[in-house]
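Worksheet for the structure shown next.
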Amino acid sequence: MKPNMKLWIAEQMKDLMKVKSIEKIGVTDICKTAEIERSTFYYHFEDKYELLNLTMIMHLFM
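The number in this note's numbering is simply the position in the sequence shown, starting from 1, with 350 added.
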C-alpha cells in the first residue's frame, strides 16, 4: 500500500481529469487508473465527489 493512499488516489484523479470530464469519470475508472480495488476507494472516500474535493484542495494549495 502507498504511504498516503488518499493523496495517491487524488493524484490519479487529477491525471484522469485531464482526459475525461468529471461527469464521465466513474469509480471504476478511478480504481483502474490508480490500480486499486473498489473497496480501497470506498475505505478512503464516500464517493467520487469527496475525492474531487480533495483533488481541488491539492490543486489550490500544493
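Even glycine gets a Cβ: it sits at the ideal position worked out from N, Cα and C.
Endpoints, the alpha helix (DSSP H) within which residue i is located
i           : result
residue 395 : Unbroken run through residue 395: none, as it is neither H nor E.
residue 380 : 377-384
DSSP state of residue i mapped onto helix, strand, coil
i           : result
residue 371 : coil
residue 403 : helix
residue 412 : coil
residue 361 : helix
Outcome for residue i when other beta-carbon atoms lying within 10 angstroms are tallied against a minimum of 16
i           : result
residue 378 : exposed
Residue j beta carbon less than 7 Å from that of residue i
i           : j           : result
residue 366 : residue 383 : yes
residue 395 : residue 401 : yes
residue 380 : residue 363 : yes
residue 360 : residue 406 : no
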